[in-house]
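S.K.: Have a look at this one.
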Amino acid sequence: MSESLARENLSTIDDLVHAVAGIAHVEKPHLESRASIRKLEIAKEPFDKELAEAKAKKNMWENDLNALDHWTLQWFMHWITCEVANERERCKKGIDKSGELIQEAQAKVDHVNEKIHDVEAPNEKNSVDYRSLQNYREELTELLDSIFADSDFPTEKEAKLQRDEAKERLDKVTEDFANVDKARELIKKADMSLLEAIVDLRQSNDNKDLAAGQVYFPQEAYEALKELREQHPDVPGILPPQEYEKKADETGAYYSPMQRYLWEVRQQLAKLVEWCDDRVLENLDKEAEETIAFGAKTDEWNLERRRIVREVILS
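For the sequence shown, the working numbering assigns the number 260 to the initial residue and increments by one for each residue that follows.
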């Protein structure tokens with residue numbers, strides 16, 4: 260405990276206490292807005308995925324049309340059988356339909372982005388004030404820590420204990436969020452790798468030198484899912500597709516059994532993303548509550564130490 264340090268910094272302590280009290284009211288609305296934004300971002304992700312898929316399908320159709328427009332064996336065979344005109348028309352229809360899907364998905368994405376902006380804009384000042392609040396709290400806490408080093412005041416110890424318990428509860432929620440976010444990133448990484456593989460397979464008609472009965476699975480997706488299983492065993496598993504249905508998608512495109520297999524795996528991954536999103540949504544409000552509780556307990560602890568400085572140390 261340092262009486263001289265307390266005396267030298269008494270006015271600074273008072274100023275910081277008043278600064279914290281002056282803007283503490285922004286914490287709750289700021290955190291509630293932040294939670295609302297996160298919920299909207301989660302709601303937007305399926306539309307982002309829908310948009311990426313529509314763009315990929317348009318790209319595949321454009322590549323198919325481009326192949327027909329060049330002198331290749333495929334083009335020649337279609338020409339001989341008088342099918343090239345039909346194939347060109349089918350490609351153009353596929354491109355048009357993909358373009359419509361892109362517009363629809365983009366409209367959904369834009370709509371949610373507008374909602375996010377509507378929440379973010381009014382929260383900008385609160386966001387700035389909240390960062391100031393955190394800085395004031397940290398500065399005040401560090402200053403009082405230096406004064407109360409090696410001190411032994413029962414009321415201060417009790418206030419610190421309550422603050423530490425609040426910190427443990429907040430850390431638990433934060434850790435859970437971090438784990439779910441890591442899991443989601445691995446799932447999304449695998450998903451994008453699979454989408455790229457589907458495009459690649461359709462463009463190249465490459466069977467990846469596989470023996471009969473085998474399937475191609477991109478290495479990047481495999482590594483991501485392997486890491487997911489090792490580091491996040493609580494995430495549910497996925498069931499491999501069992502049957503292949505030869506049917507066109509909404510743009511009229513047909514896929515090989517291998518391509519369809521990868522599409523089906525992506526649908527399974529979408530369910531895992533939903534599982535992760537449910538975990539996040541369950542804890543968003545709890546995170547805000549625990550953050551507010553931790554801030555309140557920190558303020559109570561610092562106010563008790565300020566009282567001790569004034570009424571005990573400097574009396």
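Using N, Cα and C, we set each Cβ at its ideal position, and we do this for glycine too.
Are Glu321 and Cys350 close, meaning C-beta to C-beta below 9 angstroms?
M.R.: For Glu321 and Cys350, yes; Cβs fall inside 9 angstroms.
S.K.: Going by C-alpha to C-alpha distance, which of Leu445, Ala529, Gly511 sits closest to Arg488?
M.R.: The residue with the shortest Cα to Cα distance from Arg488 is Leu445.
S.K.: If you drop the 5 nearest sequence neighbours on each side, which residues of the same chain put their C-beta closer than 6 angstroms to that of Val285?
M.R.: Once the five neighbours on either side are set aside, the close Cβ partners of Val285 are Asn385, Asp388, Tyr389.
S.K.: Going by DSSP in three states, Asp423 sits in which element: helix, strand or coil?
M.R.: If DSSP states are grouped into helix, strand and coil, Asp423 belongs with the helices.
S.K.: Within the same chain, show all residues whose beta-carbon is closer than 6 angstroms to that of Gly472, passing over the 5 residues directly before and after it, in chain order.
M.R.: Model confidence at Gly472 stands at a pLDDT of 49, short of 50, so the residue's coordinates are unreliable; what they give is reported in the following sentence. No residues qualify anywhere along the chain.
S.K.: Given a cut-off of 9 angstroms on the beta-carbon distance, is the pair Val524 and Leu460 in contact?
M.R.: Not a contact, by the Cβ cut-off of 9 angstroms.
S.K.: Would you say Val439 touches the ligand MN, meaning its beta carbon is less than 8 angstroms from a heavy atom?
M.R.: For the ligand MN, the structure offers nothing, since it holds no ligand at all.
S.K.: Keeping to the same chain, check which residues put their C-beta closer than 8 angstroms to that of Tyr375; ignore five residues upstream and five downstream.
M.R.: For clarity, residue 375 is Ile in the given sequence; the question names Tyr instead. Closer than 8 angstroms at Cβ, skipping near neighbours: Ile296, Leu299, Glu300, Lys303.
S.K.: Tell me where the alpha helix (DSSP H) around Tyr520 begins and ends.
M.R.: Here the alpha helix (DSSP H) through Tyr520 covers 516-567.
S.K.: Could you spell out the range, first to last residue, of the alpha helix (DSSP H) harbouring Ser270?
M.R.: Element bounds for Ser270: 269-282.
S.K.: Gln527 and Pro492 - do their beta-carbons sit closer together than 9 angstroms?
M.R.: Cβ atoms of Pro492 and Gln527: not closer than 9 angstroms.
S.K.: Between Arg266, Asp377, Asp536, Asn318, which has its C-alpha nearest Gly353's C-alpha?
M.R.: Out of Arg266, Asp377, Asp536, Asn318, Asn318 has the C-alpha closest to the C-alpha of Gly353.
S.K.: Where does His376 fall in DSSP's three states?
M.R.: Correct three-state label for His376: helix.
S.K.: How many whole angstroms separate the CB atoms of Thr414 and Glu563, which I take to be in contact at a CB cut-off of 8 angstroms?
M.R.: Right, their Cβ atoms sit about 6 angstroms apart.
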